[in-house]
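Below: the structure, in structure tokens.
Residue numbers (our numbering), protein chains in the order written: chain A, 3 to 405; chain B, 8 to 483.
Here's what the structure looks like:
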């Protein structure tokens, strides 16, 4: 293939490239100058800030008691930011009486009003900062401004408002969040929403119930919240949820029952432990274990033969928790002749460090014949039922297990 | 002949220009997105995640091979990470030294029978151990299979969390690294399937008890140049590619994935040379073929500090291996190129890797040879040569300075004035002759791959122990 030399020269570096070289060299110098100047500026800023933080810390009691007039610092944004930061950090870790004192100070100094104003009027990251700071104050007068921000078009601002409301931790904040999700649907990530609602609904989980008729996706989210916050005060409502068509809601009901422990929990949980959906069974089995009631043992033993390995694992953990009855439980486990169940039980036993305890219990058991004792100890030692064939992978693990 | 040389020289010029232009665009994107990220994180309170009862559990997978010197410190460091629901699986990958014994002594291990379902292929497991000192710690003792991928797969089989985070056991994670890497997941759990954090160079910094106490720039030139390379690769490259959901590598030293998806693609490919790149490529392929809406994200502030090679020989071996890994993944996935179903990954990301990463050493070294040849034959245009040199140098320096600027604007890990001055000066010094040597190593990697030489000699590392040993009061 022949090339025409003009063809190359058309693409050769031209005068434009010379300009580009100049630009590139200039850019190097600008970048360098910017880095050095910025570094210098920041060094001075932090030095000044550090000095001022120290001074303000020295006068802290006088500052929050109003002995130093608020007017003397609140118009200076540099001082105001430092004082607000110190107050909010202290607020997060303060006991109740100190929190009340700090809240009085934040109100009297007008810092809360200022944040409310900023949360309503600013845009972008400044609004987000104001919303988070407002949430950190836990002042109920911040609720309307935070609730307004839930309508923001910027998803980050909505998230910040949600986190702020969650931080307030009051049923009033929960009402605002619930009304908003009921109207606008699930347009924030589930986790911050759930966290916010968990914080706000702990005192009064009943406020969630009217919203459980929301569309399925939102119902799932609310169901998980309910699972975390449910208490005995929900009683009969929980039993109603256990029959719900949405598996997430049944699972949440199961989870809630272990917290609520209403009278009929065992019966309902036993029913849910035979559910068609594996995670409902899982929740029910965990809840059954948490009840720590000997009446739950047959259901846990049945769950030990479940087709789902997570359900088997949790059932085994629940069984192992009955430390005083390990030998009799092991007899029942052996009777199931389910090798997966046996494996799960032994795994849970070893994780709990109770293998030797069970060994000793079997040996001293009066209700077992010597043949039974020998058989059970063999099962415990080799990890399989007599005459059972095991898969090679399982065999490897069994040989690795302690003898 | 003259025409051929002319053609080669101009091609090289435009190739350089295009490569740097892509990086310049990436720099502008990265500056914008990292500023937005900084502001977003500013409105997050990481402590609120630790308090959440619904924070998704994470399993940390830490493969270890012959790491008796540093294993105690590294695992203690992992156990001290801030995250509410954490499981740590250390995989002793057939170590021939006292790695397992050190773990047994320090963490009171006892053999257990946990659920281990061999869903992804891995060498035989010799035993499973749970720590009595901290029940979150599980140790898998397995036969060596000669690859990190195989060890990670064993961990994957025992993992019980919806997310797995793969870490190098000789690296140091910052205490809040897991909280930070989870931010994209918590913001969009439905779509985010993988998140990469930033890897920074540990050499020169001070470590006490497995924790980084003071960040310093390394002393050796070769290490400082690697710092700039890492800044450029992570703070510009990955930040920008992730914006377009085209990030092709999540570093094997620190990356988070959805467990079910890693299992669905068959785990790590045990024979892969660059197992991290290979996994992310297969994830892209799997999800694009299934037409699933997904995101693979990069977060620039959860930091993992790792030791970089400190001599030319080790660095050369590492870079040759990376190049082999690149080819080893790009070749089997070449069917993804320019195919509609693979979207921008097939049309932009993979072609970029082929043109500007894989064949870069061939073009650059070939270009240098043609310049030398043209000069020898007396047909080299002096004007062209000078313009080419100045332009290439100045443009590349802008990119390096941009990376340092990005670091300065956002994360500011190097606080010492001296460090910054050295960092800036190396932006001007790294291009000659390091870049040419680097290209040679990469070419060597390609050549080794073509010859079928897949051997891998582990890098010489000093380990966390030795970094700490020089300090008073450093624990054993």
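Where is the CB? At the ideal position from N, CA and C, for every residue including glycine.
In the pairwise beta carbon analysis, the segment 237-252 of chain B is classified as not touching the segment 332-339 of chain B: fewer than three pairs are separated by under 8 Å. Collapsing the DSSP output to three states places residue 135 of chain B in a strand. Close partners of residue 134 of chain A in chain B (Cβ separation under 9 Å): 49, 50, 51 and 52. Residues of chain A with a Cβ closer than 7 Å to the Cβ of residue 397 of chain B are, in chain order, 23. The C-beta of residue 459 of chain B has fewer than 16 other C-beta atoms within 10 Å across all chains shown, which makes the residue exposed. Note on geometry: alpha-carbon atoms of residue 368 of chain B and residue 171 of chain A lie some 59 Å from one another. Here residue 316 of chain B is buried. Its C-beta has 16 or more other C-beta atoms within 10 Å. Scanning its chain for C-beta atoms nearer than 7 Å, with the 5 sequence neighbours on each side dropped, one finds around residue 356 of chain B the residues 248, 253 and 255, in chain order.
Using a Cβ-Cβ cut-off of 8 Å, residue 233 of chain A is close to nothing in chain B; its nearest Cβ partner there is about 15 Å away.
The beta-carbon of residue 248 of chain B is placed no less than 8 Å from the nearest beta-carbon of chain A. As a beta-bridge residue in DSSP terms, residue 144 of chain B pairs with B/95. From the beta-carbon of residue 30 of chain A, the residues of chain B found nearer than 7 Å are 401, 404, 405 and 408. Sequence-ordered contacts of the segment 181-197 of chain A with chain B read 191, 192, 193, 194, 196 and 197 [C-beta pairs closer than 8 Å]. Three or more pairs of CB atoms, one per stretch, sit closer than 8 Å, so the segment 338-346 of chain A contacts the segment 304-311 of chain A.
A distance below 8 Å separates the beta carbons of residue 34 of chain B and residue 409 of chain B. Residue 302 of chain B is outside the set of residues whose beta carbon lies under 8 Å from a beta carbon in chain A.
Segment contact: the segment 178-195 of chain B against the segment 293-301 of chain B, fewer than three CB-CB distances shorter than 8 Å; contact not assigned. Think of a sphere of 9 Å around the beta carbon of residue 165 of chain A: the chain B residues whose beta carbon falls inside it are 50, 51, 52 and 55, in chain order. Taking the Cα positions, residue 241 of chain A is about 9 Å away from residue 256 of chain A. Residue contact with chain A for residue 234 of chain B: absent (no Cβ-Cβ distance below 8 Å to any residue of chain A). Residues of the segment 285-296 of chain A with a C-beta atom less than 7 Å from some C-beta of chain B do not occur.
Residue contact check for residue 310 of chain A against chain B: no CB pair falls below 8 Å. Restricting attention to A/39, A/102 and A/26, the CA atom closest to the CA of residue 428 of chain B is found in A/39.
Assignment of residue 310 of chain B by DSSP, reduced to helix, strand and coil, places it in the strand class. Unbroken beta strand (DSSP E) runs of no fewer than 3 residues, entirely contained in the segment 241-296 of chain B, are found at 261-265, following chain order. Against chain B, the beta carbon of residue 200 of chain A has neighbours under 9 Å at 59, 60 and 61, listed in chain order. Using a Cβ-Cβ cut-off of 8 Å, residue 352 of chain A counts as an interface residue toward chain B, since at least one Cβ of chain B sits closer than that to its own. Taking a cut-off of 8 Å for Cβ pairs, the segment 203-221 of chain A and the segment 243-251 of chain A touch, as three or more such pairs fall below it.
Counting C-beta pairs with one atom in each stretch, the segment 428-437 of chain B and the segment 221-235 of chain B have three or more that are closer than 8 Å, which means they touch. Chain B places a beta carbon closer than 8 Å to that of residue 36 of chain A, counting this residue as a contact. For residue 196 of chain B, the residues of chain A that pass the 9 Å Cβ criterion are 191, 192 and 193, in the order they occur in the chain. If the five residues before and after residue 184 of chain B are omitted, its C-beta is found closer than 8 Å to the C-beta atoms of 88, 204, 261, 309, 310 and 311, all from its own chain and listed in chain order.
With distances taken between CA atoms, residue 69 of chain B lies nearest to B/173 out of B/163, B/406, B/17 and B/173.
For residue 118 of chain B, the uninterrupted beta strand (DSSP E) run begins and ends at 116-118, by DSSP.
The segment 32-92 of chain B is shown to contain whole beta strand (DSSP E) runs of 3 or more residues at 65-71, in chain order. Residues of the same chain with a CB within less than 7 Å of the CB of residue 75 of chain B, apart from the 5 flanking positions on each side, are 104, 105, 106 and 109 in chain order.
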